[in-house]
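Heads up: the sequence shown at position 186 corresponds to 186 in UniProt numbering, and the numbers run straight through without jumps.
Think of the CB as a built atom: it goes at the ideal place given N, C-alpha and C, for glycine as much as any other residue.
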Amino acid sequence: MASPSWDHVFAVNLTTASEEFFPQLKLTWQSEDVSKCTDECYNYVKVLVPRDDETLFACGTNAFNPTCRNYKMASLEQVGEEVVGQARCPFESGQSNVGLFAGGDFYSATMTDFLASDAVIYRSLGDGRPVLRTESFTLKTGIIHHLHLSSEPHFLHAIDYGNYVYFFLSEIAVEYTALGKVVFSRVTRVCKNDNGGSPRVLERYWTSFLKARLNCSVPGDSFFYFDILQSLTNVLQINQRPAVVGSSPRRTTAVCAFYMDDIESVFDGKFKEQRTSDSSWTPVPEEQVPRPRPGTCTGDGPAVDYKSSVQFPDEMLMFIKSYPLMDEAVPSVNHRPCFTRTSSRSKLSQIVVDVSAGPYKDRTVMFLGSDDGRVLKLLTSTILTTASDPNCWRTSMSTIHPSKI
Numbered sequence: 001m002a003s004p005s006w007d008h009v010f011a012v013n014l015t016t017a018s019e020e021f022f023p024q025l026k027l028t029w030q031s032e033d034v035s036k037c038t039d040e041c042y043n044y045v046k047v048l049v050p051r052d053d054e055t056l057f058a059c060g061t062n063a064f065n066p067t068c069r070n071y072k073m074a075s076l077e078q079v080g081e082e083v084v085g086q087a088r089c090p091f092e093s094g095q096s097n098v099g100l101f102a103g104g105d106f107y108s109a110t111m112t113d114f115l116a117s118d119a120v121i122y123r124s125l126g127d128g129r130p131v132l133r134t135e136s137f138t139l140k141t142g143i144i145h146h147l148h149l150s151s152e153p154h155f156l157h158a159i160d161y162g163n164y165v166y167f168f169l170s171e172i173a174v175e176y177t178a179l180g181k182v183v184f185s186r187v188t189r190v191c192k193n194d195n196g197g198s199p200r201v202l203e204r205y206w207t208s209f210l211k212a213r214l215n216c217s218v219p220g221d222s223f224f225y226f227d228i229l230q231s232l233t234n235v236l237q238i239n240q241r242p243a244v245v246g247s248s249p250r251r252t253t254a255v256c257a258f259y260m261d262d263i264e265s266v267f268d269g270k271f272k273e274q275r276t277s278d279s280s281w282t283p284v285p286e287e288q289v290p291r292p293r294p295g296t297c298t299g300d301g302p303a304v305d306y307k308s309s310v311q312f313p314d315e316m317l318m319f320i321k322s323y324p325l326m327d328e329a330v331p332s333v334n335h336r337p338c339f340t341r342t343s344s345r346s347k348l349s350q351i352v353v354d355v356s357a358g359p360y361k362d363r364t365v366m367f368l369g370s371d372d373g374r375v376l377k378l379l380t381s382t383i384l385t386t387a388s389d390p391n392c393w394r395t396s397m398s399t400i401h402p403s404k405i
């Protein structure tokens, strides 16, 4: 296991580790220019992902000059030259980001500038595919031009699944700006074979970008929403169906699971639009949705006859440019959280789930990390029931040794 830090990357062999972990390899990578900063002078390693079976790809803030390198997994020895980290790594440690390699391309979600004013979902470093990104913030006089990403997104996780790469994030909900600064958790997706649009529309931009709200809420006469998720898992099996699990960060917290096919159903559903700047958001009538359906990958489904996204009709490209938001929200498994906790003094920050625990591989164990250094362990059945809190056993442990405080 490789763990990033500031100025360092540590490698630990989990098969030989006992109660205390000691790094077997340490990579030191310090900032090259520290003349104009103090606290942020460290090189905060914000990206550390496998590029292939033998290579690690790492990116650091490098004193507000993001830089990326390749390293051998076995020895942490640098391979090749540095590459520019802009749009692949944030400029400072406090900015959120995610990244992964899929099909030889690097997919990243981060801020592209020092002022954190330009959020982007970006693809680069691949062989044969063009560099693509989401559109920047734009406004049209009199009518809100729907944004691909808000000006203040918080990126949570990215996964490679099927024909798509999915990004999970929280952002200011443009459809609820009349109520103030409302934040929702979202899932977005892009096609891995997207080649951008035509020279007339969306050239060098995604032609497949869609996004939808994630609904983590407690049902009742008045729904209680956990609108912000903090941490998500990779795809795992729940009830023999692919799903992801996420936790919310507030002191009244919840854990919700989402089936991948429910996410797909929402992306196959209705789009959302706002006709004028002071009108409500409503579903786009189905007869106004062009063909092939916006968001479809080339060579598949309605776009099976298209070899490249640059061949898509301008009408279809203009539609997805203007209406990337889906009307319905993705429901959670059983339409309720699988765990809730109220009035806690700490907030959850990380989640890891094992869906095949126990001697018969039929138990689900959730490990929830909190901001006070504790880990909450929940044991449930693999099949999540409709009960509001199906956990049958809980314990917590501190990750901070008392002698070190």
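>> The beta strand (DSSP E) that contains I228, what's its start and end?
In response: No beta strand (DSSP E) contains I228, which DSSP labels as neither H nor E.
>> Taking DSSP's pairing of strands, which residues face N215 in a bridge?
In response: P331
> How far does the alpha helix (DSSP H) with S265 in it reach, from first residue to last?
Replying inline: M260 to F267
>> Tell me the DSSP secondary structure of T380 in three-state form.
In response: strand
> By DSSP, does P50 sit in helix, in strand, or in coil?
Replying inline: strand
> Straight-line CA distance for residue 455 to L56?
Replying inline: The structure shown does not extend to residue 455, since the chain is modelled only from 1 to 405, so the question has no answer here.
>> For R133, tell me which candidate among A158, G196, D53 and S170 has the shortest Cα-Cα distance.
In response: G196
>> With three or more beta-carbon pairs closer than 8 Å as the criterion, would you say the stretch 179 to 194 touches the stretch 157 to 171?
In response: yes
> Mapping DSSP to helix, strand and coil, what is E77?
Replying inline: coil
>> Just to confirm my understanding: we take K272, look at its own chain, exclude 5 residues before and 5 after, and list those with CB closer than 6 Å. What are they?
In response: W281, L325 and D327
>> For Y161, list the residues DSSP reports as bridge partners.
In response: Y164
>> At the level of alpha carbons, what is the spacing between Y225 and V330?
In response: 13 Å
>> Measuring only the C-alpha atoms, how far is S356 from M73?
In response: 28 Å
> The alpha helix (DSSP H) with K321 in it runs from where to where?
Replying inline: D314 to S322
> With C-beta atoms as the reference, is F10 less than 8 Å away from V49?
Replying inline: no
> At what residue ranges does the stretch 58 to 116 contain a whole run of the beta strand (DSSP E), taking only runs of 3 or more?
Replying inline: 67 to 72, 78 to 84, 98 to 102 and 105 to 111
> Looking at the unbroken beta strand (DSSP E) that takes in C191, where does it start and where does it end?
Replying inline: V183 to C191
> DSSP state of Y122, grouped into three classes?
Replying inline: strand
>> I need the straight-line Cα distance from M397 to M1, nearest angstrom please.
In response: 22 Å
>> Taking its Cβ as the centre, do 16 or more other Cβ atoms sit within 10 Å of G153, making it buried, or is it exposed?
In response: Inspection of the sequence shows that residue 153 is occupied by Pro rather than by Gly. Classification for P153: buried.
> Of the choices A58, Y205 and C191, whose alpha-carbon is the least far from that of G80?
Replying inline: A58
> Applying the criterion that 16 or more other CB atoms from any shown protein chain within 10 Å of the CB defines a buried residue, is L179 buried or exposed?
Replying inline: exposed
> Alpha carbon to alpha carbon, how far is N193 from S308?
Replying inline: 8 Å
> Looking at the unbroken beta strand (DSSP E) that takes in M366, where does it start and where does it end?
Replying inline: R363 to S370
>> When you compare the CB positions of E135 and Y205, do they come within less than 8 Å of one another, or not?
In response: yes
>> In this structure, how does DSSP classify P199 when only helix, strand and coil are distinguished?
In response: coil
> Sorted by chain position, which residues of the same chain lie with C-beta nearer than 6 Å to residue 445's C-beta, five sequence neighbours on each side aside?
Replying inline: Given a span of 1 to 405 for the chain in the structure shown, any question on residue 445 remains unanswerable.
>> Can you check which of these residues, T276, F155 and S5, is closest to A116 by C-alpha distance?
In response: F155
> Tell me, which residues are paired with Q274 by DSSP?
Replying inline: W281
> On the three-state DSSP scale, how would you describe Y306?
Replying inline: coil
>> I'd like the span of the beta strand (DSSP E) that includes residue 406, first residue to last.
In response: The requested residue 406 does not occur in the structure, where the chain is confined to residues 1 to 405.
> Whole-angstrom Cβ separation of F106 and S93, contact assumed at under 8 Å?
Replying inline: F106 to S93, Cβ: 20 Å. No contact.
>> Give me the residue from S3, S75 and F367 with the minimum Cα distance to V47.
In response: S3
>> Helix, strand or coil, according to DSSP, for V174 in the structure here?
In response: helix
> With burial defined as no fewer than 16 other Cβ atoms inside 10 Å of the residue's Cβ, what is the status of F223: buried or exposed?
Replying inline: exposed
>> So the candidates are K211, N70, V353 and V365; which of them puts its Cα closest to the Cα of A173?
In response: K211
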